[in-house]
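Colleague:
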Amino acid sequence: MDVQLKRGLLEVGVLAVIRNKPSYGYRIIKDMEPYIKISESTLYTILKRLEETNMLTVKTVEHNSRLRKYYHITKLGLEKIEEFKEYWADMKAMARFIIGEEAL
Amino acid sequence: MTKEKFLEELQVKLKGLPKEDIDDRVSFYSEMIDDRIEDGLSEEEAIREIGTSDEIASKVIESTSLTKIVKEKVRLKRKLEAWEIVLIILGFPLWFPLLIMALTFIFVFIVLLWSGVIVAWSLEGSIIATSINFLINSIYNLFSGVFISSLGMLGTSLLLVGAAIFLFYACVKITELTAKVTKKIVLSIKKALVGGES
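Same order as they appear, the protein sequences are chains A and B. Letter 34 of the first sequence, counting from 1, is numbered 34 in our numbering, and no numbers are missing. Letter 103 of the second sequence, counting from 1, is numbered 1103 in our numbering, and no numbers are missing.
(1) Quick check on the DSSP output: the beta strand (DSSP E) that includes leucine 1076 of chain B runs from which residue to which?
(2) So is lysine 37 of chain A in contact with chain B if we call contact Cβ pairs under 8 Å?
(3) Residues of chain A with a CB under 9 Å from the CB of valine 1186 of chain B: which are they?
(4) Going by CA-CA distance only, name the one from B/Thr1178, B/Ile1128, B/Lys1077 and B/Ser1131 that's closest to phenylalanine 1109 of chain B.
(5) How is threonine 57 of chain A classed by DSSP in three states: helix, strand or coil?
(6) For glutamate 1020 of chain B, count neighbouring C-beta atoms within 10 Å of its own C-beta (all shown protein chains included) and say buried if the count is 16 or more, exposed if not.
(7) What does the Cβ neighbour count give for isoleucine 1031 of chain B, buried or exposed, with the cut at 16 atoms within 10 Å?
(8) So, does the stretch 71–79 of chain A touch the stretch 40–59 of chain A, judging by three or more C-beta pairs under 8 Å?
(9) Where does lysine 1013 of chain B sit, in a helix, a strand or coil, going by DSSP?
(10) State the DSSP-derived secondary structure class of tyrosine 87 of chain A, mapped to helix, strand or coil.
(11) Glutamate 1197 of chain B: buried (16+ other C-beta within 10 angstroms of its C-beta) or exposed?
(12) Anything in chain A within Cβ reach of glutamate 1031 of chain B, meaning under 8 Å, just list it in chain order.
(13) Name the chain A residues whose beta carbon is nearer than 7 Å to that of isoleucine 1061 of chain B?
(14) Assuming contact is defined by CB atoms lying nearer than 8 Å, are leucine 1193 of chain B and valine 1070 of chain B in contact in what I supplied?
(15) Excluding five sequence neighbours on each side, which residues of the same chain lie with their C-beta closer than 8 Å to the C-beta of tyrosine 109 of chain A?
(16) Within 10 angstroms of its Cβ, does glutamate 11 of chain A collect 16 or more other Cβ (buried), or is it exposed?
(17) Would you kindly check if the distance between the Cβ of glycine 13 of chain A and the Cβ of methionine 1 of chain A is under 8 Å?
(18) Does the distance from the C-beta atom of phenylalanine 1134 of chain B to that of leucine 1094 of chain B stay below 8 Å?
(19) Compare the C-beta of isoleucine 1036 of chain B against all C-beta atoms of chain A and say whether one is closer than 8 Å.
(20) Can you give me, in chain order, the residues of the stretch 38–57 of chain A that have a beta carbon less than 7 Å from any beta carbon in chain B?
(21) With H, G and I counted as helix, E and B as strand and the rest as coil, what does DSSP make of leucine 67 of chain A?
(22) Along the chain, which unbroken stretches of the alpha helix (DSSP H) at least 4 residues long are found entirely within the stretch 1080–1131 of chain B?
(23) Taking C-alpha atoms, which residue in B/Ser1138, B/Ala1120, B/Lys1183 and B/Gly1162 lies nearest to isoleucine 996 of chain B?
(24) Please list the partners that isoleucine 1050 of chain B has in chain A, where partner means a Cβ-to-Cβ separation under 8 Å.
(25) Which stretch, first to last residue, makes up the alpha helix (DSSP H) that contains glycine 25 of chain A?
(26) In this structure, how does DSSP classify glutamate 102 of chain A when only helix, strand and coil are distinguished?
(27) With 16 as the cutoff for other CB atoms within 10 Å, does isoleucine 28 of chain A come out buried or exposed?
(28) Using the DSSP secondary-structure output, state which residues sit across from isoleucine 73 of chain A in a beta bridge.
(29) Would you verify that the beta carbon of isoleucine 1056 of chain B is, or is not, closer than 8 Å to some beta carbon of chain A?
(30) Pull up the CB-CB distance for isoleucine 1106 of chain B and lysine 1190 of chain B, whole angstroms please, since I reckon it's below 8 Å.
(31) Apply the 10 Å Cβ neighbour rule to glutamate 101 of chain A and answer buried if 16 or more other Cβ atoms are within range, or exposed otherwise.
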């Protein structure tokens, strides 16, 4: 798959994981695992970019006498997911045109 | 390997990056290892799942821009003493040419590398041009009534088109390969700038 496209999809994927409740790094990887395997370094880059673009915020919480970072989705992040839904509808229409009715 | 040892190794391999970046990475991987242990893995297994410190450092450096690395490299870590400033100014005739030489060396190397690509595409272009030339001559001869010559030229033209098609794929391959090598060189320059011992 195109690298740029995959990166974009993974970003929305991570946002989807934290959509309903905040989560932490290892949990996010575990939650995505049934659908797509991502490495720690990939996740790090995605989280950084999402933080820089204000799609999520980070809160450090004490857990078992160590620190753990929780990622909270922002309004902008939720909007991004909605944007993706619209984008996906367009894609589906396009795929039906290219491949035929059996697509999706 | 223990978690401490692993994180220490990672720290050393990222030495040339800004301190906040290193701390952020290290705390991220530390949390990842702790969470795996909490999930029931042994320390050893948890670290194995994360990957070697070499692999991780390599990925981190790859995703950091060369400008950021160079900026960190030339940033002064402390105030210079007066005699050091004097030394830098006096040493200018020595270190400046050396710096220019090193940069020129890298530049020449990259140009040399890409000259193969330029040669390949020029060859492709000239073959296509020659083939068109033969085709035009062939048509010209046809109307001048020199049929044998016209046929010969048409044949040569088609032969060249065939060669051009084959060469096109070779050109694409050479370009891709060179791009890959260039990327590797840039990565190793970055690694050399960032590296502790690795």
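Every residue gets a Cβ at the ideal spot worked out from N, C-alpha and C, and that includes glycine.
Modeller: So, to answer that:
(1) Secondary structure note for leucine 1076 of chain B: it is in no beta strand (DSSP E), with a DSSP letter that is neither H nor E.
(2) Residue contact with chain B for lysine 37 of chain A: absent (no Cβ-Cβ distance below 8 Å to any residue of chain B).
(3) Correct list: empty, because the minimum Cβ distance to chain A is about 17 Å.
(4) Checking every option, the nearest Cα to that of phenylalanine 1109 of chain B belongs to B/Thr1178.
(5) Threonine 57 of chain A: strand per DSSP, three-state reduction.
(6) Within 10 angstroms of the beta-carbon of glutamate 1020 of chain B lie fewer than 16 other beta-carbons, which makes it exposed.
(7) With the sequence shown as reference, residue 1031 of chain B is identified as glutamate, and isoleucine is not the correct amino acid for it. Buried, because 16 or more other Cβ atoms sit within 10 Å of the Cβ of glutamate 1031 of chain B.
(8) Yes, the stretch 71–79 of chain A is in contact with the stretch 40–59 of chain A.
(9) Lysine 1013 of chain B carries a helical assignment under DSSP once its states are collapsed to helix, strand and coil.
(10) Correct three-state label for tyrosine 87 of chain A: helix.
(11) Note that glutamate 1197 of chain B scores 47 on pLDDT, short of 50, meaning its location in the model is unreliable; the coordinates nonetheless yield the value given after this. Classification for glutamate 1197 of chain B: exposed.
(12) Within 8 Å Cβ-Cβ: Tyr24, Gly25, Tyr26, Arg66, Leu67, Arg68 and Lys69.
(13) Within chain A, not a single residue places a beta-carbon under 7 Å from that of isoleucine 1061 of chain B; the smallest gap is close to 11 Å.
(14) Yes, these two residues count as a Cβ contact at 8 Å.
(15) As displayed, chain A neither begins before 1 nor continues past 104, which places residue 109 of chain A out of reach and without an answer.
(16) Result: buried.
(17) It is not a contact, given that the beta carbons lie outside the stated cut-off.
(18) Not closer than 8 Å, so no.
(19) The residue asked about is misnamed: residue 1036 of chain B is arginine in this sequence, not isoleucine. Output row for arginine 1036 of chain B: interface = yes.
(20) So the list reads Glu40, Ser41, Tyr44 and Thr45, given in the order they occur along the chain.
(21) The three-state reading of DSSP puts leucine 67 of chain A in strand, counting E and B together.
(22) Listed in chain order, the complete alpha helix (DSSP H) runs (minimum 4 residues) inside the stretch 1080–1131 of chain B are 1082–1090.
(23) The question about residue 996 of chain B has no answer here: the residues shown for chain B are numbered 1001 through 1198.
(24) Within chain A, the C-beta atoms nearer than 8 Å to that of isoleucine 1050 of chain B come from Glu40, in chain order.
(25) Element bounds for glycine 25 of chain A: 25–32.
(26) Residue state for glutamate 102 of chain A is assigned as coil, using DSSP reduced to three classes.
(27) Result: buried.
(28) According to DSSP, isoleucine 73 of chain A bridges with A/Leu56.
(29) Answer yes: the Cβ-Cβ gap between isoleucine 1056 of chain B and chain A drops below 8 Å somewhere.
(30) Approximately 12 Å separates the beta-carbon atoms of isoleucine 1106 of chain B and lysine 1190 of chain B; this is outside 8 Å, ruling out the contact.
(31) Glutamate 101 of chain A comes out exposed.
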